[in-house]
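Top to bottom, those sequences are chains V and R. In terms of numbering that gives the first Met the number 0, the first sequence has 2 at position 3, counting the first letter as 1, and numbering is strictly consecutive. In terms of numbering that gives the first Met the number 0, the second sequence has 322 at position 323, counting the first letter as 1, and numbering is strictly consecutive. Below is one structure, written out as structure tokens; the observations come after it.
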Amino acid sequence: MEYAFEMLGITKKFPGIVANDNITLQVRPQEVHALLGENGAGKSTLMNVLFGLYHPEEGEIRIKGTPARIMNPGDANRRRIGMVHQHFKLVQNFTALENIILGAETTRGAVLKMDKARKRVVEIAERYKFNIDPDMPVEDMTVGMQQRVEIMKMLYRENEILIFDEPTAVLTPQEVDELMKIIRGLTEEGKSIVFISHKLNEIFRIADRCTVLRRGKSVGVVDIEGATKEELCEMMVGRKVLLQPQKTHVNPGDVLMEVKNLTVAGVKGHKDTVRNVSFNVRAGEIVCIAGIDGNGQTELVYGLTGMRKIESGSMVLDGRNCTKETIHFRNTHKLSHIPEDRHKHGLVLDYTLAENMILQTFFERNVSRCGIIDYRKASRRTDEMITKYDIRTARGPVTRTRSMSGGNQQKAIVARELERDFAVVIAVQPTRGMDVGAIEFIHKQLLSLRDMGKGVLLVSLELEEVMNISDRILVMYEGEIVGELLPDETDFRELGLYMAGAKRSDGRSEGGTNG
Amino acid sequence: MDKPEKASVRFLTSESAGSLIAAVITIIIGLLLGLLILLIIAPTIALPAFRMLLTGGFGKIGVLSGIGRVLYYAVPLIMCGLAVGFTLKTGVFNIGVAGQYVMGLFAGLYVGISCAGIFGSFTWLAAIIAGAAAGGAWGFIQGVLQAFFNLNAIICGIMMNYTGLFLVSMIVENSKGVYVRGRGWTEIVPDAAVIPRAGLNNLFGNSTAANLSIFICIALCIFAWFILKKTTLGYRMKAVGLNAGAARYAGISVRKSILVGMLLAGAFAGLGGAMNHLGASGTRYAITDALPSQGFAGISVALIASSNPLGIIISGIFIAFLEVGGVGMQSFGLDPDLVDVITSVIIYFCAFSFVFKYLYFKLAARLRRSE
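Now the structure itself:
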């Protein structure tokens, strides 16, 4: 049988690590082939090899049976290979049409010939039933629409092999449905698809076959029909994993954090702001803020932690009004914060692990005395956390955090924040970039802290995480809380409607404030 | 490089070794560049003159006066280097060192000349403390402008340099008892205000001005190193310098850190100015509209040392060594301005050490990968 493309025995080494160890990926024509693996399993490296960004030490790429040398992304494009990146690469103030033709403009001399391009774009949109206005600026589009523009870019370039890198991460459940339909339509038109994901549900919905990577090696190719999630998960992680964390029932106690009519201004030039948000977090409760990225969650967290000024309203933490207090005050008065952006806020990358572990506590009695830091003590504490949280480092506490992998950096931050003295922890996507095993551990950790009577405010974009570990779900849409739901009484569909702004229940969110 | 050993590769690609190697490469290229200019301008005497540049700092064989002179020249260079390097650690490029230096120099002279009657034989101490205070204040003002009004550090620094320089000229011209009217310079510093020689004159001879201040310099560099390495203050400042976002997240005040950094840096530079002018007896300060070169040479001093305060001691002495050698080159009939050009080319070229550091690590990474 002739494959649409094959990557045979690809080996790519980096200093100290074999990112791809003799990996073979064979994609049949018109199939959706999933590429499953944890972070650091080698998915991105493999795709970068396919696009000529990395040149492998060993192995061969064949397209329709003929060996191909791909030295750079231009070669890949000439071989009709295209990719939709997780973070879209669109010019915000260009229209859909302008973005689609960017880099492949038809010109007469130095003058753009838009008519021809427009005709083709409209044709493509009709053929694949994309509901896209070619003259709409990208900045006015929803994320789902932007993704369709990205897909159209590939179709405009007549790509035959389409690669989707974690395409659902930024979509609502409804948009995911839409995308699945589009992908099906693409295969019917003769395209071959590589679908990179670590979400088992989606792979089972869309993929025909699946290649599983683990630690740089291919552990097998599975026909999705007849496979089970547990089986795939075990292949990916290398051991049995509890997909659904065990949750015991806990009666929430006193209110630990009370937020009333909170309004926070948006980042400059950003229209998302927090408007009049009220809720509370009680002891022994995991409250989850769900919503699509960019609906004010970031600003809400900034307001709560003091990183942005609260315009109006109030925030009471453990009985203290902290509305106007500094970040330092909140840090030292029982607020813990796992930040959204681990590189911008969570870590000083050029500090060692031990130095990072004392980021908010370096002035405390048990770390420093008379203004002099006891790094030996800090190292010892770090060692404890390395063991407890299974943080993998090259040189222990003196490892530069920059040299650590993303998942381990995240573990370090989570360890630091959960081991501090706090009443409420604000955890923004705490498991981002972690592998399944680590996610399981962090979820267990959050649940046990909740059982001990701490309050957890979880901000998450992962619906599965939201449904699995929260006690109460608040849905944010355009800076407001539009719904308060209980995980046992709702489902993905309903949650999705709230997240997309199609449904709201103002009455119930008021009720939550008083409860 | 046919078969590099693992351990040696690891050492050669380590941060500190890379900094050192890059510094040495930069210096060598800088020197070659100086030689090239010399060859173009004065080919007949180029080689002996260049030899003088490289060895003049040692003085004549058996006489240590050269080294004494180097130590005297090194004082302002080390202090200015420290003023640049210390703030670089907190993420601020302090280009206003020249202004802080002038302010310190002026305050030192003023106290030294006019307050000798009050402080007696400790006038020199009072004077250099005044210099540190004035420099610190000037640095602090710049810090306020940057931290609170978000002014561009470069523009702010340059403007503060000239404001400081002309402010000093204005005050000097209007200070009775300090300014010699009609001559455009200050009175001679009284002996009580001259920094003690601390026995260095016995070692290097009376012809050199090496004095106690070199020890103060070294002590302050160690002090700065200690602050950065061991204290909570240094921890804060470095966190701000490396990642202001993370520092803010952790509740560390970015503004306070910049202010403290600029205050201390200004004090270092001011002290350097005061110690330079009070180091030798019989010096005067002449009204000028040129910024002192030490302020800018300090940038080179700091960059060669990768802002490490202990490294700054060495790089400061090295640049001073070149300057002394440069003075020696004049004995070949070279124009003093030309000598300045050559030494300046070398000194300022050293500021490119970070470029070589970058290239070095890129090359090292490639070697490791191809291994």
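Backbone N, C-alpha and C fix where the C-beta goes; we use that ideal spot for every residue, glycine too.
Check whether the Cβ of residue i lies closer than 8 Å to any Cβ atom in chain R.
| i | result |
| --- | --- |
| T527(V) | There is simply no residue 527(V) to check, as chain V begins at 0 and stops at 514 in what is shown. |
| F602(V) | Nothing about residue 602(V) can be read from this structure; chain V reaches only from 0 to 514. |
| T325(V) | yes |
| N513(V) | Note on N513(V): pLDDT 37, under 50, position unreliable in the model; no value is reported. |
| L346(V) | yes |
| Q145(V) | no |
| L303(V) | no |
| M256(V) | no |
| N330(V) | yes |
| Q359(V) | yes |
| S367(V) | yes |
| M306(V) | yes |
| P66(V) | no |
Let me confirm a value: residue i is counted as buried when at least 16 other C-beta atoms fall within 10 Å, else exposed. Which label applies?
| i | result |
| --- | --- |
| L38(R) | exposed |
| D336(R) | exposed |
| H276(R) | buried |
| G73(V) | exposed |
| H442(V) | buried |
| F355(R) | buried |
| P55(V) | buried |
| A282(V) | buried |
| V221(V) | buried |
| L49(V) | buried |
| Y359(R) | buried |
Checking contacts by CB at 8 Å: is residue i closer than that to chain V?
| i | result |
| --- | --- |
| R247(R) | yes |
| Y234(R) | yes |
| A285(R) | no |
| A238(R) | yes |
Suppose contacts are defined by Cβ-Cβ distances below 8 Å. Is residue i in contact with residue j by that definition?
| i | j | result |
| --- | --- | --- |
| V423(V) | G454(V) | yes |
| S280(R) | V193(R) | yes |
| F118(R) | A125(R) | yes |
| I162(V) | Y127(V) | no |
| L232(R) | G370(V) | yes |
| V91(R) | M261(R) | yes |
| V276(V) | V258(V) | yes |
| I357(V) | A377(V) | yes |
| E30(V) | T186(V) | yes |
| Y374(V) | V413(V) | no |
| V101(R) | G278(R) | no |
| A133(R) | F105(R) | yes |
| L270(R) | M78(R) | yes |
| A95(V) | D139(V) | no |
| R254(R) | A146(R) | yes |
| S330(R) | G204(R) | no |
| G56(R) | V74(R) | no |
| L81(R) | A223(R) | yes |
Which chain R residues sit within Cβ distance under 7 Å of residue i?
| i | result |
| --- | --- |
| P429(V) | Chain R residues near P429(V): none, gap ~15 Å exceeds 7 Å. |
| P338(V) | Y248 |
Closer than 7 Å by beta-carbon distance: list the chain V residues that pair up with residue i, in chain order.
| i | result |
| --- | --- |
| K229(R) | I371, I372 |
Residues of chain R with a CB under 9 Å from the CB of residue i: which are they?
| i | result |
| --- | --- |
| K343(V) | N242, G244, A245, Y248 |
| P166(V) | Ordered by position in chain R, no residue passes the 9 Å Cβ test against P166(V), which lies about 29 Å from the chain. |
| P72(V) | Near P72(V) there are no residues of chain R at all, since even the closest Cβ is about 20 Å away, more than 9 Å. |
Using a Cβ cut-off of 8 Å, pull out every chain R residue sitting near residue i, in sequence order please.
| i | result |
| --- | --- |
| N294(V) | The premise fails here: N294(V) is roughly 22 Å from chain R at the closest Cβ pair, so nothing lies under 8 Å. |
| Q245(V) | Simply none; closest approach about 33 Å. |
| P396(V) | Within chain R, no residue comes near P396(V); the closest Cβ sits about 15 Å away, beyond 8 Å. |
Uninterrupted alpha helix (DSSP H) stretches inside the region 42 to 96 of chain V (no shorter than 4 residues): 42 to 49, 72 to 77
Give, in chain order, every unbroken run of the beta strand (DSSP E) that is at least 3 residues long and sits entirely within the region 300 to 354 of chain V. 309 to 316, 334 to 337
Note down, one range per segment and in chain order, each alpha helix (DSSP H) of at least 4 residues found wholly within the region 189 to 272 of chain R. Entirely contained in the region 189 to 272 of chain R, the alpha helix (DSSP H) runs reaching 4 residues are, in chain order, 199 to 203, 212 to 229, 231 to 241, 243 to 248.
For a minimum of 4 consecutive residues, which ranges assigned as the alpha helix (DSSP H) are wholly contained in the region 352 to 430 of chain V? 352 to 356, 374 to 388, 405 to 417
Please list the segments of the alpha helix (DSSP H) lying wholly inside the region 428 to 481 of chain V, counting only runs of 4 or more residues, in order along the chain. 435 to 450, 462 to 468
Residue ranges of each alpha helix (DSSP H) run of no fewer than 4 residues wholly in the region 284 to 336 of chain R, ordered along the chain? The DSSP assignment places 292 to 303, 308 to 328 as complete runs of the alpha helix (DSSP H) inside the region 284 to 336 of chain R, in order along the chain (cut-off: 4 residues).
Start-end ranges of the beta strand (DSSP E) lying completely within the region 237 to 267 of chain V, minimum 3 residues: 254 to 263
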